[in-house]
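Enquirer:
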Amino acid sequence: MSLKIIVLAKQVPDTRNVGKDAMKADGTVNRAALPAIFNPEDLNALEQALRLKDEFPGSTLTLLTMGPPRAADIIREGLFRGADNGYLLTDRVFAGADTLATSYALHEAIKKIGKFDLIISGRQAIDGDTAQVGPQVAEKLGISQITYAEEIRSIKDGKITVKRRLERGVEIVEGKLPLLVTVNGSAPNCRPRNARLIQQYKYAKTASERQTESNDYVNICNTRACINLEEWSAADVNADPKQCGLSGSPTKVKKIENVVFQAKESKTIDSSDLQIEDLIIELITNHTIG
Amino acid sequence: MNNLFVYLEIENGKVEDVSLELLTKGRTLANSLHCNLEAVAAGSQLDEIGAQVFPYGVDVLHLFDDARLYPYTSLPHTSILVKLFEKEKPQIALMGATSIGRDLGPRVSSALFSGLTADCTALEIGDHEEKKEDKTYTNLLYQIRPAFGGNIVATIVNPDNRPQMATVREGVMKKEIFDAAYKGQTVSYKVKDYVSATDFVVDVIERHIEASKVNIKGAPIIVAGGYGMGSKENFRLLHDLANTIGAEVGASRAAVDAGYAEHERQIGQTGVTVRPKLYIACGISGQIQHIAGMQDSSMIIAINSDPNAPINTIADYVITGEVETVIPKMIKYYKKNSK
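So the protein lines, in turn, are chains P and D. Counting in the numbering used here, the first sequence runs from 1 upward without gaps. Counting in the numbering used here, the second sequence runs from 291 upward without gaps.
#1: Leaving out the 5 sequence neighbours to the left and right, which residues in its chain are closer than 6 Å to Ile-119(P) when beta-carbon positions are compared?
#2: For Met-455(D), which of helix, strand or coil comes out of DSSP?
#3: Please report the residue range of the alpha helix (DSSP H) in which Lys-163(P) lies.
#4: Does the beta-carbon of Asn-228(P) have 16 or more other beta-carbons within 10 angstroms, so that it is buried, or is it exposed?
#5: With DSSP run on the structure shown, which of helix, strand or coil describes Ala-329(D)?
#6: Is it true that the CB of Gly-78(P) sits closer than 8 Å to the CB of Ile-499(D)?
#7: Just grab the DSSP bridge partners of His-352(D) for me.
#8: Could you name the residues of the same chain whose beta carbon sits closer than 7 Å to that of Ile-590(D), not counting the 5 residues immediately before and after it, in chain order?
#9: Provide the residue(s) that pair with Gly-416(D) in DSSP beta bridges, ordered along the chain.
#10: May I ask you to list, following chain order, the residues of the region 494 to 509 of chain D that have a beta carbon less than 8 Å from some beta carbon of chain P?
#11: For Leu-274(P), count neighbouring C-beta atoms within 10 Å of its own C-beta (all shown protein chains included) and say buried if the count is 16 or more, exposed if not.
#12: For Pro-188(P) and Phe-38(P), what's the separation of their Cα atoms in angstroms?
#13: Report yes or no: do three or more beta-carbon pairs, one from the region 480 to 490 of chain D and one from the region 365 to 372 of chain D, lie closer than 8 Å?
#14: Taking Cβ-Cβ distances shorter than 9 Å, what residues in chain P pair up with Ile-581(D)?
#15: What separation, rounded to the nearest whole angstrom, lies between the Cα atoms of Tyr-87(P) and Asp-240(P)?
#16: Which residues of the region 120 to 145 of chain P have a Cβ closer than 9 Å to any Cβ of chain D? Give them in chain order.
#17: Please give me, in chain order, every unbroken run of the beta strand (DSSP E) with length at least 3 that falls completely inside the region 232 to 261 of chain P.
#18: Applying the 10 Å Cβ sphere with the 16-neighbour rule, what's the burial state of Thr-171(P)?
#19: What did DSSP end up calling Ser-144(P) once you bin it into helix, strand or coil?
#20: Can you say whether Ala-501(D) is buried or exposed, counting buried as having 16 or more other CB atoms within 10 angstroms of its CB?
#21: Beta-carbon of Ile-339(D) versus every beta-carbon of chain P: anything under 8 Å?
#22: For Leu-323(D), which three-state DSSP category applies?
#23: Between the region 155 to 174 of chain P and chain D, which residues of the former have a C-beta closer than 8 Å to a C-beta of the latter?
#24: Taking a Cβ distance cut-off of 9 Å, strictly less, list which residues of the region 580 to 600 of chain D are near chain P, in chain order.
#25: Taking the alpha-carbon positions, what's the Gly-158(P) to Ser-233(P) distance?
#26: Kindly list the residues whose CB is nearer than 7 Å to the CB of Glu-277(P), restricted to its own chain and excluding five residues on each side of it in sequence; keep chain order.
#27: What runs of the alpha helix (DSSP H), each 4 residues or longer, lie entirely inside the region 595 to 620 of chain D?
#28: Assess contact between the region 410 to 417 of chain D and the region 433 to 452 of chain D, defined as three or more Cβ pairs (one per stretch) separated by less than 8 Å. Is contact present?
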C-alpha cells in the first residue's frame, strides 16, 4: 500500500524568542527583528508524515505552504528532511488573509494537487496560536479531521488510528481515510536534515527567486540541472480573488495595542534571614497567609 | 432570533467550568444587547443539564440527546451547530478554547462563512466605523486577544458575517450564578434531523480523561516557578513551600516546556489566568504572556536573582536572591511564626 500525503506548513516569525527590538517605537511589530522559521508543530506533522513514508514505501509526501516568495525556504526545508515535492502558494491577493481566507486558498490548492489519502498539519502556528486553519481546510474539502494528534498509530484497510493528547488525558480514535490530522507539539521532533538531500535540493528555487539570483547561481544552473520549485498564484489554483486575502476575511482587525503593564511601587528586600522573617510575619499578620 | 449562543461542553453529565464561565459572560453581553442567552447541549443523557445552566441566566436550552453524540467527535457536533445556527441565526456564538471548542469552532465558522477569533481574553460590545465604505456598525462584539506571542493585543470585529464567533480559554472569564431561581425554556430536537449516519466517520476507541488534579484557578495562594528554577528537582522546593503555606503550585510556559511542571499548571495567555490573593513568582523573568495571566493577583512577591527581571516592575515585594536560599527560609520562618 502506498499513500498520498499532503503536509501543510507555515513560515512564521519566531515569537518564542522575542527580544527588546521586536517592537518598534510606534508599537508595531518589527518583523525584520524576528527570524522566520518553520512553524514548530508543522515540523512535528512532517515527522509523522515521514514515518508513514518509511512504513509504506512508494508513498508520496507533498508539502504545501502559503506565504510571501521567501516562504520557498519552507519547501526546501521540507525537501531536505525527506518530502518528495512541494508547492508555494503566493500572490498579492492572499495578503491580509484571516484563517478562513487562508483555508479557502489552501483548499483550492489541494484540489489542484489532486487525490490524497491524508493531510497532516501542525495543530497551530506560533504567530497566531489559533489552531483554526486545519479544521477549516478539512471542512472546505468535505472530509473529517482528527486534531491534537500525538501519534499516528497505524493505517490499515483505509482506516487510520491516532492517539490524541488532550488537556486532561488521551484518546485513541479511528477514522476513515481520507481525512485531515493536526499534530501537537508533544509528538516526536522532526528528524534532522539529510546531507544527501541538502546536496540534491540546495539549488532548488522558485521562478521569482531565480529572477533575483546572482550570476553565480545562473552559472551553476548552466552546468547542472537545477530543480524548479513550483509557485502558484490565485489564478493557478482557480481561487476566486473575492474569497482571498482581506476581502475574503470576515474578521477585521479594529485596533492593535502594545501591551503595557501598570508598574507598581515595589519594596525590594534581600535574602537575609531578618528581612525574610519580617516579610513572613507581615503576611501572617495581615492574613495574606496562614 | 439573533440571540447569543453558548456551546456547552459536557463531561460525565457535568457542564464544564469553561462553559459556565462563558454563560456568565454571555449573560452580561446579552443584557447589554437586549437579547436572549441560549445554550446548546449535544451529548448523551442530558436530563440534568437544565438544572446546571439555568441559574447562569440561560433563556433557552437546545438539547440534542443521543448516545452517539458522546464522547465528542467533530462531524456530528458540527452538523448540529451548523443547522441550528442556520435556523436560529445567532448574532454571537461562544465556545471554550479547549480541544473540543478549537476542533468544532473552526469547522462551524468555515461552513457558515462567519469569522472566528480564537483565545479571546476579553469580550465587549461596541461600535465600529468602516471608513472606506463610510459605514457604521453598532453593537458589534469586540473580540480582544493577544497576538505575536503576547506582545500586542488586537481587537477583532466581524462587521458583516454572523454569527460573530469567539473561543475563550478556561479561567479567563469569571463564573458567577446569575439567579439561582432563573428558569429558562428547554427545546429538545430529533437528532436524526440534524446528523446523518455519514457524520460518524471517526470513532473513539479508548478514552482516559482525568478530572483535573490541580486547581490553580481557584487557589487563594499560588507559588509559581519559571525557567529560572533550573530543574525539576528544584521545583520540589515550590511544592514544599506550597504545602507549608497552603498554596497551589503554578508554572510559566518556559518551565512547562522545559518539563519542570505539568501542563495543567501553566499560567499565562496560553495557560490559565489566575487572580489569587497572593502570587509568589520564583525564578520567573516575567514575559508578557505570563504576566497577562497573573497581573490581577492582589499581592505579588517576586523572587529572582536578576534585580532587573521584568516581573519586578509589577511586584509588591521583590526579593533579590537565589530561590534555593530564599524558599527554605520562607518555610522556616512561616513554621516559626504561624500559630
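For each residue, glycine too, the CB sits at the ideal point set by N, CA and C. These numbers come from a predicted model, not from an experiment.
Expert: The relevant details are as follows:
#1: Taking C-beta separations shorter than 6 Å and ignoring five residues to either side along the sequence, the partners of Ile-119(P) in its chain run Ile-6 and Leu-180, following chain order.
#2: Reduced to three states, the DSSP call for Met-455(D) is strand.
#3: Premise fails: Lys-163(P) lies in the beta strand (DSSP E), 159 to 166, not in any alpha helix (DSSP H).
#4: Exposed, by the Cβ-count rule.
#5: Annotated three-state conformation of Ala-329(D) is strand, per DSSP.
#6: Gly-78(P) sits away from Ile-499(D), with the two beta carbons spaced by 8 Å or more.
#7: DSSP lists Val-330(D) and Val-477(D) as partners of His-352(D).
#8: Contacts found: Tyr-569, Ala-571, Ile-604, Ala-605 and Asp-606.
#9: Looking at the DSSP output, Gly-416(D) shares a beta bridge with Leu-430(D).
#10: Correct list: Val-494, Ile-495, Glu-496, Arg-497, His-498, Ile-499, Glu-500, Ala-501 and Ser-502.
#11: Around the beta carbon of Leu-274(P), fewer than 16 other beta carbons lie within 10 angstroms, which makes this residue exposed.
#12: Computed Cα separation, rounded: 16 Å.
#13: In this structure the region 480 to 490 of chain D touches the region 365 to 372 of chain D; the number of beta carbon pairs closer than 8 Å is three or more.
#14: By Cβ distance, chain P contributes Val-259 and Phe-261.
#15: Approximately 19 Å between the Cα atoms of the pair.
#16: Those residues of the region 120 to 145 of chain P that come within reach of chain D (Cβ to Cβ, closer than 9 Å) are Arg-123, Gln-124, Ile-126, Asp-127, Gly-128, Asp-129, Thr-130, Ala-131, Gln-132, Val-133, Gly-134, Pro-135, Gln-136, Val-137, Ala-138, Glu-139, Lys-140, Ile-143, Ser-144 and Gln-145.
#17: If one requires a minimum length of 3 residues, the beta strand (DSSP E) runs lying completely within the region 232 to 261 of chain P are 252 to 258, in chain order.
#18: Note on identity: in this sequence residue 171(P) is Glu, with Thr being the wrong assignment. Glu-171(P) is classed as buried because its beta carbon has at least 16 other beta carbons within 10 Å across all chains shown.
#19: DSSP places Ser-144(P) in strand when its eight states are reduced to three.
#20: It is exposed - the Cβ of Ala-501(D) has fewer than 16 other Cβ atoms within 10 Å.
#21: Contact of Ile-339(D) with chain P is not assigned, every C-beta pair being separated by 8 Å or more.
#22: It is helical.
#23: Cβ contacts with chain D: Thr-161, Arg-164, Leu-166, Glu-167, Arg-168, Gly-169, Val-170, Glu-171, Ile-172, Val-173 and Glu-174.
#24: Correct list: Ile-581, Ala-582, Gln-585, Ser-588, Met-589, Ile-590, Ile-591, Ala-592, Ile-593, Pro-597 and Pro-600.
#25: Answer to the nearest angstrom: the Cα atoms are 33 Å apart.
#26: Answer for Glu-277(P): no residue qualifies.
#27: Fully contained in the region 595 to 620 of chain D is no alpha helix (DSSP H) run of length 4 or more.
#28: At 8 Å Cβ cutoff, the stretches touch.
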